[in-house]
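Following this note's numbering, the numbering of the sequence shown begins with 26 at its first residue and continues without gaps.
Structure record follows, encoded as C-alpha cells.
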Amino acid sequence: MPTVADETFTRIDYLARALKTPRIADMARRLADQAVRDEWTAPQYLAAVLETEVNARDASGTAIRVKAAGFPAPKTLAEFNFDHQPGADKTTLHRLAAGGYLTEAGNIVFLGPPGTGKTHLAVALGVEACTQGVRVGFGTAAAWVARLAEAHQIGRLDQELRRVNRYQLIIVDEVGYLPFDAEAANLFFQLVSTRYEHSSIIVTSNLAFSQWGHVFGDQMIAAAMIDRIVHHADVITLKGASYRLRHTQITTLPSIQAEQGAQ
Ligand code: ADP
Ligand code: MG
Numbered sequence: 026m027p028t029v030a031d032e033t034f035t036r037i038d039y040l041a042r043a044l045k046t047p048r049i050a051d052m053a054r055r056l057a058d059q060a061v062r063d064e065w066t067a068p069q070y071l072a073a074v075l076e077t078e079v080n081a082r083d084a085s086g087t088a089i090r091v092k093a094a095g096f097p098a099p100k101t102l103a104e105f106n107f108d109h110q111p112g113a114d115k116t117t118l119h120r121l122a123a124g125g126y127l128t129e130a131g132n133i134v135f136l137g138p139p140g141t142g143k144t145h146l147a148v149a150l151g152v153e154a155c156t157q158g159v160r161v162g163f164g165t166a167a168a169w170v171a172r173l174a175e176a177h178q179i180g181r182l183d184q185e186l187r188r189v190n191r192y193q194l195i196i197v198d199e200v201g202y203l204p205f206d207a208e209a210a211n212l213f214f215q216l217v218s219t220r221y222e223h224s225s226i227i228v229t230s231n232l233a234f235s236q237w238g239h240v241f242g243d244q245m246i247a248a249a250m251i252d253r254i255v256h257h258a259d260v261i262t263l264k265g266a267s268y269r270l271r272h273t274q275i276t277t278l279p280s281i282q283a284e285q286g287a288q
C-alpha cells in the first residue's frame, strides 16, 4: 500500500516534470532522509533542495567544487577501460556515479594492487558528485591525518572535524601505504566515526581488510573502523597487473607479488 510519503513524492515527481526540473524530484527524495536525521525545518529542507538544483545547473559551480576538492588529476568514468578491469562492473560504477549512496551516507571502498585504477575510479565518482552540487574533499589518508593532527595540537580537533564534515563526501586515498602511529590511528578512527551514517567516505587501499591491523597497529581499532566503513558500503576489489605497466613485460614487481598474495 502506498504511504503518504510515497504519494507526496509521486506528486513531487509530477510537479518537477511540469517545471522541467526532474533533478528536483530526485533531490527531494534524497534530502528528505537527511532532513529527518539532521532535524531540518521545512524551510531549511526546501532551501537545500533548491540550492542543490541551482548548484547543479551552475557549471561554474561544478568547476569551483572540482578545484576545491583537490583531486590529484581529473579523471572520468568515460576514460576508464572496463574491459581491462574485471573487478569493476560498469553497471555498478554507473549506479554509484548517479549518487544514491550520498543520500544514504553510504561508503565505497576500492581495494586492489597498485595501478589497478582505485584512485581513478574514486576521483571519477568525486567529480560526478561535484556536478551534482555536492561538496567533496580529496586527500590521502596521511594528509587527512596530518590535517587533524595539526588541529589536535592546537586544541581545535572538534572544530576541524566539524569543518571536514561539511564535505558531504570525502575521499581517503591510499589507506595502507604508510603505517599509522597510535595517535594517527586514533585520529583516523575519529574521522571515520564522526561521519558514520552521516556523510559518505570513499576509501582506497592496496591492502585487504585482513591487513589493516598492521596499518593501524591495533587489531581492535582496525576492526572497529572496518565495521563502520563497511556497514553501508559497496566494496569493489580491483584485480590484475598495473595499468601503468600494461605495455611492459613487468608483472613481477615485488609490491605486486606481496599484495596479490595478501588478497
Ligand atoms: P591505483 O590508485 O590503483 O594505484 P590509478 O587509479 O592511479 O591506480 O591508475 C594508474 C593509472 O592508470 C592512472 O593514470 C589511471 O588513470 C590509469 N588506469 C588504471 N586503470 C585503468 C583502466 N582500467 N582504464 C583506463 N585507465 C586506467
Ligand atoms: Mg592510487
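Note that CB positions come from ideal geometry on N, CA and C, so glycine has one too.
Of the other Cβ atoms in all chains shown, 16 or more fall within 10 Å of the Cβ of S225; this residue is therefore buried.
The residues N132, I133, V134, F135, A147, L150, G151, L194, I195, I196 and V197, in chain order, have a CB closer than 8 angstroms to that of I227 in the same chain once the five nearest residues on each side in sequence are set aside.
Within the segment 163 to 222, complete beta strand (DSSP E) segments of at least 3 residues are found at 194 to 200, given in chain order. Within the segment 79 to 161, the complete alpha helix (DSSP H) segments at least 4 residues long are 84 to 94, 115 to 122, 125 to 128 and 143 to 156, listed from N- to C-terminus.
Comparing alpha-carbon positions, the option among M52, A168 and A209 lying closest to E76 turns out to be M52. In this structure, T229 has its beta carbon less than 7 angstroms from a heavy atom of ligand 2. Checking the 7 angstroms criterion, the Cβ of Q244 is out of range of every heavy atom belonging to ligand 1.
Of all C-beta pairs linking the segment 78 to 88 to the segment 161 to 170, fewer than three are shorter than 8 angstroms, placing the two stretches out of contact. When the Cα atoms are used, R36 and P204 turn out to be separated by approximately 52 angstroms.
Within 7 angstroms of the C-beta of E104 there is not a single heavy atom belonging to ligand 2. Taking each of R48, R220, Q178 and G201 in turn and checking the Cα distance to R188, the smallest one comes out for R220. Leaving aside the five residues that flank T156 on each side, the residues in its chain whose CB is nearer than 6 angstroms to its CB run, in chain order, T87. Distance from the CA atom of L44 to the CA atom of Q59, rounded to whole angstroms, is 24 angstroms. Here K115 is actually not in contact with T229; their C-beta atoms are around 19 angstroms apart, not less than 8 angstroms. The alpha-carbon of F241 is positioned some 30 angstroms away from that of A122. Annotation: D259 is outside any alpha helix (DSSP H); the continuous beta strand (DSSP E) that includes it extends over A258 to T262. Under the DSSP assignment, T33 falls in the alpha helix (DSSP H) whose first and last residues are V29 to A43.
In chain order, F241, G242, D243 and I246 place their CB closer than 7 angstroms to the CB of A210, counting only its own chain and leaving out the 5 sequence neighbours on each side. In terms of side-chain proximity, the C-beta atom of K45 is found no nearer than 7 angstroms to any non-hydrogen atom of ligand 2.
Secondary structure of T77 (DSSP, three-state): helix.
Per DSSP, the beta-bridge partners of I227 are I133 and I196. Proximity of the beta carbon of Q110 to ligand 1 is indicated: a heavy atom of the ligand is located closer than 7 angstroms.
A Cβ-Cβ separation of about 3 angstroms places L263 in contact with G137 under the 8 angstroms criterion. One thing to note: A130 has its Cβ within 8 angstroms of the Cβ of H223. The nearest non-hydrogen atom of ligand 1 is 7 angstroms or more from the C-beta of T165. When only Cα atoms are considered, V79 and A258 end up about 29 angstroms apart.
By the C-beta density criterion, H109 is exposed, having fewer than 16 other C-beta atoms within 10 angstroms.
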